[in-house]
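Undergrad:
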């Protein structure tokens, strides 16, 4: 029913079924994993009004499993990419795997999928930074650069009453920078590669 993929490794389709509605994949050597893809195989859909919450579990310093919600998959969204690097130091959250005694070794993390009602999935909050950004790094850089430029330029803003006459300096009204910033941002959102045309 489910598959799990880590870059540079074989696809896993051998989820261990813990209960009728709980499945677990083992991720050996989890410290070297940055992202994990969880997907439906397409052979068996979720029952109507159901989906799967996706969790990661890794052993804490005492060897006890710490579970964190990554997100979810559904029949309408049958796959998802999750960033798991950097989550290892976080705290666990409530999870449906608590009462189960699932064996876990120190260097192995686990991906858990719990089949639940869509209404329950909508009320859950995944751990921060687990979702992979759908914006490419160039767009992210450009957005950060625009924000930084606007913040830097407006930090020098003074009112006309505060200006001291200086014939060698040119002043640009702050609303001109704001208008350029908004126009550039709008064009970037419409077409991140507009600058190539």
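Residue numbers (full-length UniProt numbering): 1 to 197. Glycine residues also receive a C-beta, built at the ideal position from the N, C-alpha and C atoms. Computed from a predicted model, the values in this text were never measured in an experiment.
1. Roughly how far, in whole angstroms, is the beta-carbon of residue 82 from the beta-carbon of residue 38, given that I think they are within contact range, below 8 Å?
2. Using DSSP with H/G/I as helix, E/B as strand and the rest coil, what is residue 161?
3. What do you reckon, are the CB atoms on residue 73 and residue 54 nearer than 8 Å?
4. Under a three-way DSSP split, which group does residue 84 fall into?
5. Specify the secondary structure class of residue 15 as computed by DSSP and reduced to three states.
6. Going by DSSP, which residues form a beta bridge with residue 127?
7. What is the rounded straight-line gap between the Cα of residue 177 and the Cα of residue 119?
8. Give me the residue from 127, 68, 158, 180 with the minimum Cα distance to residue 149.
9. Using only alpha-carbon positions, find the residue among 190, 153, 184, 161 that is nearest to residue 172.
10. Within this structure, are the beta carbons of residue 71 and residue 41 separated by less than 8 Å?
11. To the nearest angstrom, how far is it from the Cα of residue 63 to the Cα of residue 18?
12. Per DSSP, what kind of secondary structure is residue 196 in: helix, strand or coil?
13. If I follow the unbroken alpha helix (DSSP H) through residue 179, where does it start and stop?
14. Taking 8 Å as the CB-CB limit, is residue 23 close to chain D?
15. Consult DSSP for residue 118 and reduce its assignment to one of helix, strand or coil.
16. Which residues bound the beta strand (DSSP E) around residue 57?
17. Using only the alpha-carbon positions, how far apart do residue 24 and residue 156 sit?
TA: With the given structure in hand:
1. Between residue 38 and residue 82 the Cβ distance is about 7 Å, and since that is below 8 Å, they are a contact.
2. For residue 161, the three-state secondary structure derived from DSSP is helix.
3. Yes, Cβ-Cβ distance for residue 73 and residue 54 is below 8 Å.
4. It is coil, neither helix nor strand.
5. Correct three-state label for residue 15: coil.
6. According to DSSP, residue 127 bridges with nothing at all.
7. If I take the Cα positions, the gap works out to 45 Å.
8. The residue among 127, 68, 158, 180 with its C-alpha nearest the C-alpha of residue 149 is 180.
9. Residue 153 is the option with its Cα nearest to residue 172.
10. No, the pair does not count as a contact, with Cβ atoms beyond the cut-off.
11. Their backbone Cα atoms lie some 20 Å apart in a straight line.
12. It is helical.
13. Following the DSSP letters along the chain, one finds residue 179 inside the alpha helix (DSSP H) bounded by residues 174-190.
14. The chain labelled as chain D is not found in the depicted structure, where only one protein chain is given.
15. Note: residue 118 maps to helix in three-state DSSP.
16. Where residue 57 is concerned, the enclosing beta strand (DSSP E) stretches over 50-59.
17. Distance from the CA of residue 24 to the CA of residue 156, rounded to the nearest whole angstrom, comes to 55 Å.
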